[in-house]
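Report on the following structure.
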Amino acid sequence: RRVAALQRAAADRREGLARLHGQVNALKSRAAAADDEVGRLGLAREEAVARAARAQRDFTALETKVAGLDAGEEGLDAEHEAASAALGDIEERLAKARDEAQQAERDRTGLLARKDALEMGLNRKDGAGALLAASDDVSGLLGSVAALLTVRTGFEAAVAAALGSAADAVAVTGTDAALAAIDHLKGQDLGRAGMLLGGGPLDPTVDVATWPALPDHAAYAVTVVDCPDELRPALARLLHKIAVVDDLAAARALAADLPDVVAVTRDGDVIGVHFASGGSSRQPSLIEIQAAVDEAAAQLAEAVAAGERLGFDMSRLESERLEAQKRVDVALAKLHESDATLAAVAEELGQYGSQARAARGEAERLTEAIAKAEAARDQDLAGLAELEARLAQAEEATDEEPDTSVREQLLEAARTARQAEMDGRLALRTSEERARALHGRADSLRRAAQSEREARARAAERRERLIREGRAAEAVGIAVGYVLARLEVSVHRAAEARTAVERARQGREHQLLEIRTTLRELGRDHDELVNSVHRDEMARTQQRMRIEQLEEKALEELGLDADGLLADYGPDQLVPPTSEDEDGNPPDPVPFVREEQQKRLRAAERSLSMLGRVNPLALEEFSAMEERHKFLTEQLEDLKKTRKDLLDIVKEVDSRVEQVFTEAYADVSRAFDSTFTRLFPGGEGRLVLTTPDDMLNTGIEVEARPAGKKVKRLSLLSGGERSLVAVAFLVALFKARPSPFYILDEVEAALDDTNLGRLLEIYEELRENSQLLVITHQKRTMEVGDALYGVTMRGDGVSAVISQRLREAEPA
């Protein structure tokens with residue numbers, strides 16, 4: 089400790105002397121800089137005081153002009169405020185009307201888009217759409233089923249689910265027209281299409297009057313659909329005994345009561361005895377889409393009317409706003425004319441005031457800065473004198489180097505004593521472990537003998553219990569024989585009684601069968617009478633509902649009652665032509681022929697569809713797309729520039745990595761050569777790059793040839809040699825790129841005494857600059873350590889950590 093204290097004192101004196109030299113030079117530089125700063129701040133303060141005086145004189149002179157310019161402002165302010173209040177009220181009402189108009193326009197646009205989308209849904213690109221577009225080439229087409237059917241409101245989804253794929257089909261006049269349409273689809277490769285055949289005979293079995301009666305909440309699907317007469321037989325077959333109910337519970341009850349009736353809910357779920365379908369996310373059929381198109385068209389008309397009404401209100405409010413704005417502008421112009429003079433004078437006055445305040449504030453700050461700079465300069469000068477005196481005293485003192493020979497002798501003696509103590513402790517631990525093992529073996533033998541005695545006692549007791557159970561079993565066998573004899577007598581008597589009961593039951597069943605046959609015949613007669621009455625009632629109800637629907641449709645779509653419609657446009661009236669003859673004169677009216685008028689209707693619908701839709705927002709969409717294209721172009725250029733910058737950075741990083749790796753490899757290779765020759769005297773070892781031309785992707789191979797051997801591959805070396813080569817490589821890394829500490833886990837386990845001694849010499853070199861934490865079982869490795877740490881088991885079986893300081897740490 090005394091030698092260490094002397095060495096530490098000498099080092100402190102050398103370090104303190106260097107620190108004093110640096111502090112003296114630093115204080116001299118700071119004192120010179122402080123003198124220059126004080127001079128500069130003094131000149132700036134004088135300039136600031138002069139500017140403040142000039143600004144104060146100009147401020148006082150201009151302030152006298154402001155007193156007479158405040159008269160006449162009150163009347164102009166009141167007039168302007170009244171006009172502004174009136175304008176604000178009008179603008180508020182106009183803004184409210186504008187918001188309502190914008191909302192109406194958004195609603196109109198949304199409804200228009202929804203109607204267009206739904207109409208696009210009607211024009212599906214499949215075989216059905218191709219047939220409708222080619223009605224001139226294919227004869228006998230009546231149109232789409234969705235367009236020809238009229239479904240009662242609220243029943244669209246149910247009817248679409250009941251029809252299935254037929255809801256999206258094309259109606260034709262008959263089988264010949266269907267075959268012609270199929271040939272056209274195959275010839276043009278236009279896909280597939282379903283077709284509903286019209287003109288067929290009406291099957292008497294599909295008469296609603298003959299079907300089972302339904303509850304009040306249900307109705308047959310065929311009764312809620314109107315269609316042309318020629319499609320009625322086909323539609324009746326498709327909707328045969330399909331009833332529409334409100335929900336799934338009603339559908340379940342109807343299917344249970346009437347097994348031959350299929351129930352379909354208003355949401356489109358189908359429930360039958362042998363089949364069911366339904367769920368969510370169902371694609372809407374053309375019937376539902378057609379109903380949605382009609383609803384959207386009605387809402388669109390209401391939105392257009394509301395938008396036009398709000399447009400008239402906005403025009404009136406806009407004219408009122410312009411009048412109010414003129415009054416506000418006149419009052420504001422007068423007020424501005426009065427304020428202009430005051431503003432000019434006030435602005436000039438404010439400039440002078442701010443200049444004076446700024447100059448005075450700057451002078452005050454400069455005065456404070458001068459005081460701080462002078463105080464710092466005086467403090468630095470005082471510290472400089474003190475440091476110069478300490479430096480002179482430190483330079484006069486001389487360093488003394490202590491004698492460490494006695495300490496080395498004492499360290500060697502202490503090392504020998506610790507080795508003897510460690511050997512004694514290890515022998516004591518070995519004896520204690522052997523004694524504990526013998527005690528444990530004796531205890532286990534005593535426990536085994538006691539277990540054997542207990543097992544023999546249990547075996548004797550079990551043998552006696554088995555003998556007793558055998559005697560009881562013999563007695564039970566005798567009793568069982570007697571019981572079996574009595575049971576045979578009882579079984580024979582029971583069989584005779586059962587035969588008599590069976591003969592009586594057969595006679596009663598024959599009588600019951602005859603009574604049931606009579607009841608079934610009476611029930612059939614009753615059902616036929618009830619069905620006949622119900623069929624007649626349903627037919628009358630259906631005709632009345634059909635007439636009512638036609639009257640409502642005429643009133644809603646044409647604004648005519650039934651009598652007026654028949655009188656003006658009945659089949660007995662002549663049909664006016666739509667084209668002119670070659671001379672430009674209209675031809676004479678012609679009698680009404682249903683097929684010809686239907687053909688004219690289809691041609692008009694086809695011409696209307698060929699016109700397409702006009703997009704009024706095309707210019708706005710083009711401008712938006714052009715702006716989007718410009719934005720994306722700029723983003724693309726930005727991405728290209730960023731990519732170029734990133735590639736430059738990658739190239740720079742690769743260059744730096746290659747440089748650092750090359751330098752590190754060179755240092756490690758040199759250190760490996762020197763370390764290998766020390767661990768393998770007379771041997772050769774080196775590091776070789778696998779691809780020297782590509783330093784970023786190259787690998788490193790280790791070649792090692794111990795003395796007296798010709799092999800170079802590590803796999804051909806012994807375990808100790810391979811371990812020593814790995815240690816040599818690690819030590820080369822440690823020397824090339826030192827670290828504050830290293831952790832080594834049994835790296836010398838496979839080394840003999842000679843190689844271990846060489847490795848310990850390497851440890852001694854590494855410990856000069858780094859701290860080593862070594863996990864080992866080697867005694868020689870433990871001897872060179874400064875401290876030992878281990879885990880042992882105490883007498884009570886609990887592990888404990890022990891430590892032993894072998895030598896004192898050297899001073900830093």
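Residue numbers (my numbering): 89 to 900. Where a beta carbon is used, it is the ideal one built from N, C-alpha and C, also for glycine.
Legend entry - Between the CA atoms of T765 and S891 - distance to the nearest angstrom: 36 Å
Legend entry - Environment of Y877 [buried if 16+ CB atoms lie within 10 Å]: exposed
Legend entry - Among R128, L229 and A92, nearest to R688 - alpha-carbon criterion: L229
Legend entry - Range of the contiguous alpha helix (DSSP H) that encloses S493: Where S493 is concerned, the enclosing alpha helix (DSSP H) stretches over S493 to L646.
Legend entry - Bounding residues of the alpha helix (DSSP H) (the contiguous stretch that carries A331): It is not in any alpha helix (DSSP H) - A331 instead sits in the beta strand (DSSP E) that spans I330 to V333.
Legend entry - Close beta carbons around Q866, own chain, < 7 Å, minus the five adjacent residues each side: E836 and L844
Legend entry - Contact under 8 Å by Cβ, T261 with G231: No, the pair does not count as a contact, with Cβ atoms beyond the cut-off.
Legend entry - Straight-line gap, I247 to S365 (C-alpha atoms, nearest Å): The sequence shown places Val at residue 247, rather than the Ile named in the question. Whole-angstrom Cα-Cα distance: 14 Å.
Inset, instruction - For L533, count neighbouring Cβ atoms within 10 angstroms of its own Cβ and tell me buried if that reaches 16, exposed if not. - result: exposed
Legend entry - Cβ neighbour criterion (16 or more within 10 Å) applied to K641: Within 10 angstroms of the beta-carbon of K641 lie fewer than 16 other beta-carbons, which makes it exposed.
Inset, instruction - Could you tell me whether the region 324–334 touches the region 305–313, where touching means 3 or more Cβ pairs closer than 8 Å? - result: Counting Cβ pairs under 8 Å, three or more are found: they touch.
Inset, instruction - Keeping to the same chain, check which residues put their C-beta closer than 6 Å to that of L469; ignore five residues upstream and five downstream. - result: A119
Inset, instruction - In the DSSP assignment, find the alpha helix (DSSP H) that holds F363 and state where it starts and stops. - result: F363 -> no alpha helix (DSSP H), and no H or E assigned at all.
Legend entry - Segment limits, beta strand (DSSP E) that includes A309: Here A309 belongs to no beta strand (DSSP E), and DSSP marks it neither H nor E.
Legend entry - Anticipated Cβ contact below 8 Å, V361 with V313, distance rounded: Not really, about 24 Å apart at Cβ, beyond 8 Å.
Legend entry - Straight-line gap, S369 to G356 (C-alpha atoms, nearest Å): Below a pLDDT of 50, predicted positions are generally treated as unreliable, and S369, at 42, falls in that range; the measurement from the model is reported next regardless. Spanning the two alpha carbons is a distance of roughly 11 Å.
Legend entry - Within 8 Å, strictly: CB atoms of L832 and L860: yes
Legend entry - R731 to L720 span [Cα, whole Å]: Within the model, the alpha-carbon separation for R731 versus L720 is close to 16 Å.
Inset, instruction - Quick one: grab the DSSP three-state call for M870. - result: helix
Inset, instruction - Could you tell me how far apart the beta carbons of R623 and A192 are, in whole angstroms, since I believe they sit closer than 8 Å? - result: R623 to A192, Cβ: 53 Å. No contact.
Inset, instruction - Using the DSSP secondary-structure output, state which residues sit across from L861 in a beta bridge. - result: I831
Inset, instruction - Flag this pair as yes or no: are the beta carbons of C53 and L236 separated by less than 8 Å? - result: The structure shown has nothing for residue 53, since the chain only spans 89 to 900.
Inset, instruction - With a threshold of 16 other CB atoms inside 10 Å of the CB of K823, please say whether the residue is buried or exposed. - result: buried
Legend entry - Cutoff 7 Å; reference E791; Cβ partners in own chain excluding five residues on either side: G773, R774, V776 and K800
Inset, instruction - Would you grab the beta carbon distance between R506 and L894 for me? Rounded to a whole angstrom, and I think it's under 8 Å. - result: Indeed they touch by this definition, with Cβ atoms about 6 Å apart.
Legend entry - Where E791 falls: helix, strand or coil (DSSP): strand
Inset, instruction - Leaving aside the five residues before and after K213 along the sequence, list all residues of the same chain whose C-beta is less than 7 Å from its C-beta, in chain order. - result: Note that K213 has pLDDT 43, beneath the 50 cutoff, so the model's placement of it is unreliable and the number below is only indicative. Contacts found: none.
Inset, instruction - With DSSP as the reference, please indicate the residues paired to L229 in a beta bridge. - result: V260
Inset, instruction - Assign G737 to one of two classes, buried (16 or more other C-beta atoms within 10 Å of its C-beta) or exposed (fewer than that). - result: Just to set this straight, residue 737 is Ile in the shown sequence, not Gly. It counts as exposed.
Legend entry - For A463 and R133, believed in contact at Cβ under 8 Å, the rounded distance: Actually they do not touch by this definition, with Cβ atoms about 16 Å apart.
Legend entry - Range of the contiguous alpha helix (DSSP H) that encloses L847: D841 to L854
Inset, instruction - For the alpha helix (DSSP H) holding M713, just list the boundary residues, first then last. - result: A706 to L767
Legend entry - Option nearest D195 by Cα separation, candidates A338, Q387, G176 and V112: Q387
Inset, instruction - Could you tell me the boundaries of the alpha helix (DSSP H) in which L297 lies? - result: The question names Leu, yet the displayed sequence has Ala at residue 297. Where A297 is concerned, there is no enclosing alpha helix (DSSP H), given that its DSSP letter is neither H nor E.
Inset, instruction - Below 8 Å CB to CB, which residues in the same chain sit around Q413 once its five sequence neighbours on both sides are set aside? - result: L175
Inset, instruction - Out of L818, A344 and S806, state which residue places its alpha-carbon closest to the alpha-carbon of S757. - result: Nearest option by C-alpha distance: L818.
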